[in-house]
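Undergrad:
If you want it as structure tokens, here you go:
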């Protein structure tokens, strides 16, 4: 039986004085690998951050429902406590905080084992390094996905997991994303990308295209391949 | 010159420097401490405060000094000698002459001068050739009545030896005291000394430690200094001299609380080739505290050095200044520095909240992270002391 986990209705979001998302509607169902595609600067990150409730992303109208609950006015802390989680495109460096410290704290809450998470994402060698300091693009993404695995969210929102990443790392990241799908009670995930490299390793069930702050079109995996062949301009 | 003449010379030089201010830090009037008659006896150790600064009073090698009158010391570790400095000087005058006031000039400033004239006690620690000790050698310097405490410490780590000296210095609440610890450390060829010093003073205490370290060929000196509580004024600038293929790593974590005036630096002079130094400091300034972080590396031979100073502003009225200096006296020197000061970044807090932390948990984790400096190659026992100190310091910073 199919049901909606995340429903976004007529959502408009502004960042500062700039209107970034305009009257957007979107639904993520169970058993779905959901791809949100779009060129740079169309509002993909803004949408994910608005969904998670990140400060600075103002919802001017519309509503966000997660597992049937209206979370539009709820703070980020609440939404995360309910099982939403985000993998950031560029996580900040955390001075002095080691990767192991952060994963330990997350695993304490979720009951995972840091060593397992580290092994899954092949970051054991980074555990005692300062979070983000001197990491390669692939290492940074793998660590970021590891934080999601340690959180064990009900629905993961993953922002650009394949940007600035080498082929070997993409495979590892895709493995992590598959694991996140397994961990989700709904067996779903939302992946945002503008290159769609990751789609070689984790097939989409639903693809939506975001252009100029609104959903331009949704379809199945064929839509993704069409974009890869002809670019976003063909959909404009 | 015999020992007696040497000591006389030290006293003469000190007498002429009693009004010589330190170039750094707030100037403290030392006249009340000069005129203090005989040291008051009967002070008792506050065990809880000693433990707060991480001192293990059951250690197998330990030196305890209360004020300038009570001294207790022992070593049950083979190859490790612990003595009171006066006993060392009395028992081994020839050797004492070789090490006592040899690295530090008693006329350096009025605080060294005061210590040379009025100081009592301090530890003499020797780690014999080739002896490797994992367990820290402990020292506890406690001020119960206030007044002056000016111990003179000498540590000799002989060739190929490896040891950790852990010193906790603290004071009873509300007593006015001036602490001037004189420390002369000799790290011999291929030897390694880890020196950990944890300070917890009170809101009226003045602190002026003076430290110089000589590191021989292939030797290594690792220092970890923490000021974890209130202090009225604190100024120190340990200097390390490195021979060929020697290494130095100096870390300091400075918590400024109340109206504290803190001026802490460290300098490394690299004389030999293939040597390296790394100086790391972290300042956490709360309330109306003022913290100056100084660091200097002077490179002469083929050498590398790096300075990393970071400050965290935890109040609108605090003040932090970093003064990193790099001096190359040869084209074969590679020296770098990085410095930053700011408040906890909102983006870092938000990032952690997005990972399921409450805002308070996020701030606490970031402050704890900021205050932790990784020291490679530290024995597990020492690591656990450092971790607990960092935890207490982070809690006090919030």
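Chains as they are written, first to last, in our numbering: chain A, 1 to 236; chain B, 237 to 634. Don't be surprised by glycine CBs; every beta carbon is placed ideally from N, CA and C.
Counting only beta-carbon separations shorter than 7 Å, does residue 638 of chain B have a partner in chain A?
TA: There is no way to answer for residue 638 of chain B, as the model of chain B reaches only from 237 to 634.
Undergrad: Answer with buried or exposed for residue 388 of chain B, where buried requires no fewer than 16 other C-beta atoms within 10 angstroms of its C-beta.
TA: Working through the second chain from its first residue, we reach residue 388 of chain B at position 152. Under this definition residue 388 of chain B is a buried residue.
Undergrad: Let me check one thing: in DSSP terms, what residues is residue 547 of chain B bridge-paired to?
TA: Start at 1 with the first residue of the second chain, and residue 547 of chain B comes out as number 311. Note: residue 547 of chain B sits in a beta bridge opposite B/519, B/577.
Undergrad: Entirely within the region 77 to 133 of chain A and at least 4 residues each: give me those alpha helix (DSSP H) ranges in chain order.
TA: 99 to 110, 114 to 121
Undergrad: Tell me which residues of the region 568 to 583 of chain B have at least one Cβ-Cβ distance to chain A shorter than 9 Å, keeping chain order.
TA: 576, 581, 582, 583
Undergrad: Excluding the 5 residues preceding and the 5 following residue 439 of chain B in the sequence, name in chain order all residues of the same chain whose CB lies nearer than 7 Å to its CB.
TA: The count along the second chain starts at 1 and reaches residue 439 of chain B at position 203. Answer for residue 439 of chain B: 466, 468, 494, listed in chain order.
Undergrad: Check whether the region 358 to 370 of chain B and the region 278 to 292 of chain B are in contact - that is, three or more C-beta pairs closer than 8 Å.
TA: No, the region 358 to 370 of chain B does not touch the region 278 to 292 of chain B.
Undergrad: Does the distance from the CB of residue 508 of chain B to the CB of residue 484 of chain B come in under 7 Å?
TA: The count along the second chain starts at 1 and reaches residue 508 of chain B at position 272. The count along the second chain starts at 1 and reaches residue 484 of chain B at position 248. No.
Undergrad: Between the region 328 to 346 of chain B and the region 388 to 404 of chain B, can you find at least three pairs of beta-carbon atoms closer than 8 Å?
TA: yes
Undergrad: Hey, could you find the ends of the beta strand (DSSP E) residue 29 of chain A is sitting in?
TA: Your numbering for residue 29 of chain A matches position 29 in the first chain. Element bounds for residue 29 of chain A: 18 to 29.
Undergrad: Could you compute how far the alpha carbon of residue 55 of chain A sits from the alpha carbon of residue 76 of chain A?
TA: Residue numbering aside, residue 55 of chain A sits at position 55 when the first chain is read from its first letter. Residue numbering aside, residue 76 of chain A sits at position 76 when the first chain is read from its first letter. Approximately 8 Å between the Cα atoms of the pair.
Undergrad: Identify whether residue 161 of chain A lies in helix, strand or coil by the three-state DSSP scheme.
TA: Counted from its first residue, the first chain places residue 161 of chain A at position 161. Looking at residue 161 of chain A - three-state DSSP - the assignment turns out to be coil, as it is neither helix nor strand.
Undergrad: Is residue 299 of chain B helix, strand or coil when you go by DSSP?
TA: Along the second chain, read from residue 1 onward, the residue named residue 299 of chain B stands at position 63. In the structure shown, residue 299 of chain B sits in a strand (DSSP, three-state: E or B).
Undergrad: Could you tell me which chain A residues have their CB closer than 8 Å to the CB of residue 587 of chain B, listed as they occur along the chain?
TA: For the purposes of this step, residue 587 of chain B is identified with residue 351 of the second chain, where counting begins at 1. Those within 8 Å of residue 587 of chain B in chain A are 88, 91, 92, 94.
Undergrad: For residue 156 of chain A and residue 37 of chain A, which I take to be in contact (beta-carbon distance under 8 Å), what is that distance rounded to the nearest angstrom?
TA: Locating residue 156 of chain A in the first chain gives position 156, counting from the first residue. Locating residue 37 of chain A in the first chain gives position 37, counting from the first residue. Contact doesn't hold; Cβ gap of about 17 Å is too wide.
Undergrad: Name, please, each residue of chain A whose Cβ falls closer than 8 Å to the Cβ of residue 522 of chain B.
TA: Within the second chain, numbered from 1, the residue matching residue 522 of chain B stands at position 286. By Cβ distance, chain A contributes nothing, its closest Cβ being about 17 Å from residue 522 of chain B, past 8 Å.
Undergrad: Can you check which of these residues, B/487, B/397, B/597, B/297, is closest to residue 310 of chain B by C-alpha distance?
TA: By one-based count along the second chain, residue 310 of chain B stands at place 74. The residue with the shortest Cα to Cα distance from residue 310 of chain B is B/297.
Undergrad: Are the C-beta of residue 52 of chain A and some C-beta of chain B separated by less than 7 Å?
TA: Counted from its first residue, the first chain places residue 52 of chain A at position 52. Residue 52 of chain A belongs to the set of residues whose beta carbon lies under 7 Å from a beta carbon in chain B.
Undergrad: Work out the CA separation of residue 102 of chain A and residue 120 of chain A for me, nearest whole Å.
TA: Here residue 120 of chain A is taken as the residue at index 120 of the first chain, counted from 1. Here residue 102 of chain A is taken as the residue at index 102 of the first chain, counted from 1. Distance between the alpha carbons of residue 120 of chain A and residue 102 of chain A is about 16 Å.
Undergrad: Comparing the C-beta of residue 590 of chain B with each C-beta of chain A, is any distance below 7 Å?
TA: Start at 1 with the first residue of the second chain, and residue 590 of chain B comes out as number 354. Chain A contact via Cβ: present.
Undergrad: List the endpoints of the continuous beta strand (DSSP E) containing residue 317 of chain B.
TA: The sequence position of residue 317 of chain B within the second chain is 81, counting from 1. Start and end: 316 to 320.
Undergrad: Just to make sure I have the definition right: I need the residues of chain A whose C-beta is within less than 9 Å of the C-beta of residue 602 of chain B. Which are they?
TA: Here residue 602 of chain B is taken as the residue at index 366 of the second chain, counted from 1. Correct list: 94, 95, 96, 97.
Undergrad: Which chain A residues sit within Cβ distance under 9 Å of residue 234 of chain B?
TA: Any property of residue 234 of chain B remains undetermined from this structure, which presents chain B solely from 237 to 634.
Undergrad: Name the residues in the region 40 to 66 of chain A whose C-beta lies less than 9 Å from a C-beta of chain B; which are they?
TA: 49, 52, 53, 54, 55, 56
Undergrad: I need the DSSP call for residue 188 of chain A, collapsed to helix, strand or coil.
TA: Numbered from 1 along the first chain, position 188 holds the residue referred to as residue 188 of chain A. Residue state, collapsed to three classes: coil.
Undergrad: Using a beta-carbon distance cut-off of less than 9 Å, what residues from the region 536 to 561 of chain B approach chain A?
TA: 546, 548
Undergrad: Under 9 Å Cβ-Cβ, which residues of chain B neighbour residue 121 of chain A?
TA: One-based indexing of the first chain puts residue 121 of chain A at position 121. Contact note: residue 121 of chain A does not reach chain B at a C-beta cutoff of 9 Å; the least C-beta distance is about 15 Å.
Undergrad: Tell me, please, which residues DSSP counts as bridged to residue 330 of chain B.
TA: On the second chain, residue 330 of chain B is found 94 positions in, with the first residue counted as 1. Among the bridge pairs identified by DSSP, residue 330 of chain B is matched with none.
Undergrad: Determine the DSSP secondary structure at residue 201 of chain A, reduced to helix, strand or coil.
TA: The sequence position of residue 201 of chain A within the first chain is 201, counting from 1. Three-state DSSP puts residue 201 of chain A in coil, outside helix and strand.
Undergrad: Under the DSSP definition of a beta bridge, which residues are partnered with residue 379 of chain B?
TA: In the second chain, the residue the question calls residue 379 of chain B occupies position 143. Answer is B/407.
Undergrad: Select from A/13, A/51, A/12, A/6 the residue whose C-alpha is nearest the C-alpha of residue 30 of chain A.
TA: By 1-based counting over the first chain, the position of residue 30 of chain A is 30. The residue with the shortest Cα to Cα distance from residue 30 of chain A is A/6.
Undergrad: Report the three-state DSSP secondary structure of residue 624 of chain B (helix, strand or coil).
TA: Mapped onto the second chain, residue 624 of chain B falls at position 388. Reduced to three states, the DSSP call for residue 624 of chain B is helix.
Undergrad: Between the region 124 to 139 of chain A and chain B, which residues of the former have CB atoms less than 7 Å from a CB of the latter, in chain order?
TA: none
Undergrad: Can you find a CB in chain B that lies within less than 7 Å of the CB of residue 207 of chain A?
TA: Numbered from its first residue, the first chain carries residue 207 of chain A at position 207. No, its Cβ sits nowhere closer than 7 Å to a Cβ of chain B.
Undergrad: Since residue 49 of chain A is in the alpha helix (DSSP H), which residue starts that stretch and which ends it?
TA: Translated into positions along the first chain, residue 49 of chain A becomes position 49. Looking at the DSSP string, the run of the alpha helix (DSSP H) that includes residue 49 of chain A is 44 to 52.
Undergrad: Compare the C-beta of residue 147 of chain A with all C-beta atoms of chain B and state if any pair is closer than 7 Å.
TA: The count along the first chain starts at 1 and reaches residue 147 of chain A at position 147. Yes, because at least one Cβ of chain B sits closer than 7 Å to the Cβ of residue 147 of chain A.
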